[in-house]
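Colleague:
Residue numbers (UniProt numbering): 1 to 158.
1. Less than 7 Å between the C-beta atoms of residue 94 and residue 66, yes or no?
2. Check residue 76 in the structure and name its three-state DSSP category.
3. As a quick exercise: from 111, 87, 50, pick the residue whose alpha carbon is nearest that of residue 75.
4. Looking at C-alpha atoms only, which residue of 17, 61, 140 is the closest neighbour of residue 43?
5. Taking the Cβ atom as the reference point for each residue, do residue 155 and residue 123 lie within a distance shorter than 7 Å?
6. Just to confirm the assignment, what range does the beta strand (DSSP E) spanning residue 126 have?
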């Protein structure tokens, strides 16, 4: 079900990213110009076509690509860069399955932890990660000079 993304997945990944981000981030940033003029499926697809655009990108595919994840390994740590489930398929356990697969992979690679950044005002995402074992580590940073903050969550594996 979770597999490495390939070039044939680019348009679907771009669609998932843009629509899921609009649903999640528009209420937080309240910026329609960014949500609908700057964030575009075609632009996202072009970025994914770059030589490193699919590095660390995986899709959840059960005959329909329903979600995507991007992760980076760095030594004994794994960063979950992105995890988005198409809004039509949320609340069906897909995100949890993706996280479980990532944690299994991290353990097989003898990693000490998995970490991610989540927007402070994205309460739904924070609750999701907390439910799956991630803990806020007290580190907050401003997100891209927006006046909104992101929070570092970690799941220790050792």
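Every residue gets a Cβ at the ideal spot worked out from N, C-alpha and C, and that includes glycine.
Modeller: Let's see:
1. yes
2. coil
3. 111
4. 17
5. no
6. Residue 126 -> not in any beta strand (DSSP E); alpha helix (DSSP H) instead, spanning 123-131.
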